[in-house]
Amino acid sequence: TQLLEQSPQFLSIQEGENLTVYCNSSSVFSSLQWYRQEPGEGPVLLVTVVTGGEVKKLKRLTFQFGDARKDSSLHITAAQPGDTGLYLCAGALEYGNKLVFGAGTILRVKS
Amino acid sequence: EPEVTQTPSHQVTQMGQEVILRCVPISNHLYFYWYRQILGQKVEFLVSFYNNEISEKSEIFDDQFSVERPDGSNFTLKIRSTKLEDSAMYFCASTTGYYEQYFGPGTRLTVT
């Protein structure tokens with residue numbers, strides 16, 4: 057069974073602070089995706105990383121894929137209340153393959 | 012921007028009844044999936060579908076479950092005889108086959 061361990065489970069920070077969410081596995085993934093999910097809604101794709109060592113930026117969000125393609129991180133700079141939500145990482149072992157999801161990180165940004 | 016749509020948004024059914032959850036994947040996508048999320052738990056894979064047949068299924072996807080692509084646009088999940096533990100959010104997803112999977116808004120299934 058492939059597992060994606062996501063940490064921390066819950067993060068409560070003040071507006072303007074930086075934070076990092078981690079996603080780790082013993083499996084090698086062909087791609088890893090980060091999603092954001094609002095209560096009662098479907099996961100919304102933020103980014104996909106596919107190359108070991110790859111770094112992608114989406115405004116204040118920076119995503120990194122580990123060199124061995126077993127881990128990934130999401131870093132948010134100067135968090136804002138609008139960043140509040142559930143962040144999920146999900147990995148695919150092969151093209152077109154099922155996604156294995158992490159348990160998610162609930163982020164709360166207080167103003 | 013193209014998106015995955017799902018109907019109904021909420022389905023309430025009695026134990027033992029059949030339900031059909033419907034999805035319209037993004038039009039040029041080739042791979043289709045169903046996932047479910049029990050309240051407070053991880054998103055779990057149920058089944059993947061490619062070239063008009065199941066390509067992979069999980070242990071959850073037993074004989075009570077079936078999928079179908081009856082025409083060129085719809086993708087359905089049928090649960091033949093629902094159980095209380097089938098209560099969950101069911102998500103449809105699709106992809107061109109490369110990397111990104113796009114999810115629909117989900118159907119909340121409540122089995123009473």
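Chains as they are written, first to last, in the working numbering: chain A, 57 to 167; chain B, 12 to 123.
By construction, the Cβ of each residue, glycine as well, lies at the ideal position given by its N, Cα and C atoms.
None of these values were measured; they are calculated from a predicted model.
When the Cα of residue i is compared with those of the options, which residue comes out closest?
| i | options | result |
| --- | --- | --- |
| A/A146 | A/R125, A/G72 and A/N74 | A/R125 |
| A/N80 | A/Q136, A/G158, A/S167 and A/T140 | A/G158 |
| A/G122 | A/Q89, A/S167, A/I162 and A/K166 | A/Q89 |
| B/L57 | B/S77, B/G51 and B/E96 | B/S77 |
| B/T16 | B/Y44, B/V30 and B/V23 | B/Y44 |
| B/I49 | B/G83, B/V35, B/G108 and B/L95 | B/L95 |
| B/N63 | B/I31, B/E55, B/E12 and B/L41 | B/L41 |
| A/S87 | A/S128, A/S63, A/L114 and A/K113 | A/S128 |
| A/L149 | A/V105, A/G138 and A/T140 | A/V105 |
| B/I71 | B/D82, B/I90 and B/S84 | B/I90 |
| B/T24 | B/T93, B/Y109 and B/Y110 | B/T93 |
| B/V32 | B/Y109, B/M100, B/G83 and B/Y110 | According to the sequence provided, residue 32 of chain B is Leu. The question's Val does not apply to it. When each option's Cα is compared against that of B/L32, the closest is B/M100. |
| B/P13 | B/N39, B/M26, B/G27 and B/Q28 | B/N39 |
| B/S84 | B/G27, B/C34 and B/T107 | B/C34 |
| A/P137 | A/Q62, A/V165, A/S63 and A/F119 | A/V165 |
| B/E29 | B/P81, B/Q75, B/S69 and B/Y61 | B/Q75 |
| B/G108 | B/P81, B/Y61 and B/D82 | B/Y61 |
Output needed for residue i: all residues of its chain with C-beta closer than 7 Å, excluding positions within five of it in sequence on either side, in chain order.
| i | result |
| --- | --- |
| A/V156 | Q58, L60, A146 and G147 |
| B/S98 | L120, T121 and V122 |
| A/Y143 | V77, W90, R92, L130, G160, T161 and L163 |
| B/P19 | T118 |
| B/Y46 | V54, E55, F56, L57, F102 and A104 |
| A/D139 | I132, L163 and V165 |
Grab me the residues of residue i's own chain with a C-beta within less than 6 Å of its C-beta, minus the 5 sequence neighbours each way, in chain order.
| i | result |
| --- | --- |
| A/T133 | N74 and R116 |
| B/E79 | T87 |
| B/S59 | Y44, S66 and E67 |
| B/P36 | V15, F43, F86 and S105 |
| A/G72 | A134 |
Name, please, each residue of chain B whose Cβ falls closer than 7 Å to the Cβ of residue i.
| i | result |
| --- | --- |
| A/T104 | Y110 and E111 |
| A/G98 | F102, F114, G115, P116 and G117 |
| A/S82 | Result: empty, since nearest Cβ-Cβ is about 17 Å, beyond 7 Å. |
| A/S129 | Chain B residues near A/S129: none, gap ~18 Å exceeds 7 Å. |
Please compile the residues from chain A whose C-beta is within a distance smaller than 7 Å of the C-beta of residue i.
| i | result |
| --- | --- |
| B/P19 | Going along chain A, no residue has its Cβ under 7 Å from B/P19, so there is no contact; the nearest lies around 14 Å. |
| B/E67 | K154 |
Run through chain A and tell me which residues come within less than 8 Å of residue i, C-beta to C-beta.
| i | result |
| --- | --- |
| B/K53 | F157, G158, A159 and G160 |
| B/P36 | What B/P36 touches in chain A: nothing, since even the nearest Cβ is about 13 Å away. |
So which residues on chain A does residue i lean against when the C-beta distance must stay under 9 Å?
| i | result |
| --- | --- |
| B/Y44 | K154 and L155 |
| B/F56 | K154, L155, V156 and F157 |
Can you list, in chain order, the residues of its chain whose CB lies under 8 Å from that of residue i, leaving out five sequence neighbours each side?
| i | result |
| --- | --- |
| A/N153 | S86 |
| A/G108 | F121, G122, D123, A124 and R125 |
What does residue i reach in chain B if we use C-beta pairs closer than 8 Å?
| i | result |
| --- | --- |
| A/A124 | Those within 8 Å of A/A124 in chain B number zero; the least Cβ separation is about 18 Å. |
Output, in chain order, the set of chain B residues within a Cβ distance shorter than 9 Å of residue i.
| i | result |
| --- | --- |
| A/Q65 | Those within 9 Å of A/Q65 in chain B number zero; the least Cβ separation is about 12 Å. |
| A/L149 | Residues of chain B passing the Cβ test: none, with the nearest at roughly 11 Å. |
| A/Q89 | Y110, E111 and Q112 |
Closer than 7 Å by beta-carbon distance: list the chain E residues that pair up with residue i, in chain order.
| i | result |
| --- | --- |
| A/Q70 | Looking for chain E here will not work: the only protein chains present are A and B. |
| Are the stretch 66-76 of chain A and the stretch 89-96 of chain A in contact at 8 Å, needing three or more beta carbon pairs? | no
| query | Enumerated in chain order, which unbroken segments of the beta strand (DSSP E) with a length of 3 residues or greater are wholly contained in the stretch 12-74 of chain B? | reply | 16-18, 21-24, 30-35, 42-48, 54-61 and 64-68
| request: Output the residue ranges of the alpha helix (DSSP H) runs that lie fully inside the stretch 109-153 of chain A and measure 4 residues or longer, sorted by chain position. | output: none
| request: Say whether the stretch 104-116 of chain B touches the stretch 99-116 of chain A, bearing in mind that this needs 3 or more beta-carbon pairs closer than 8 Å, one atom from each stretch. | output: yes
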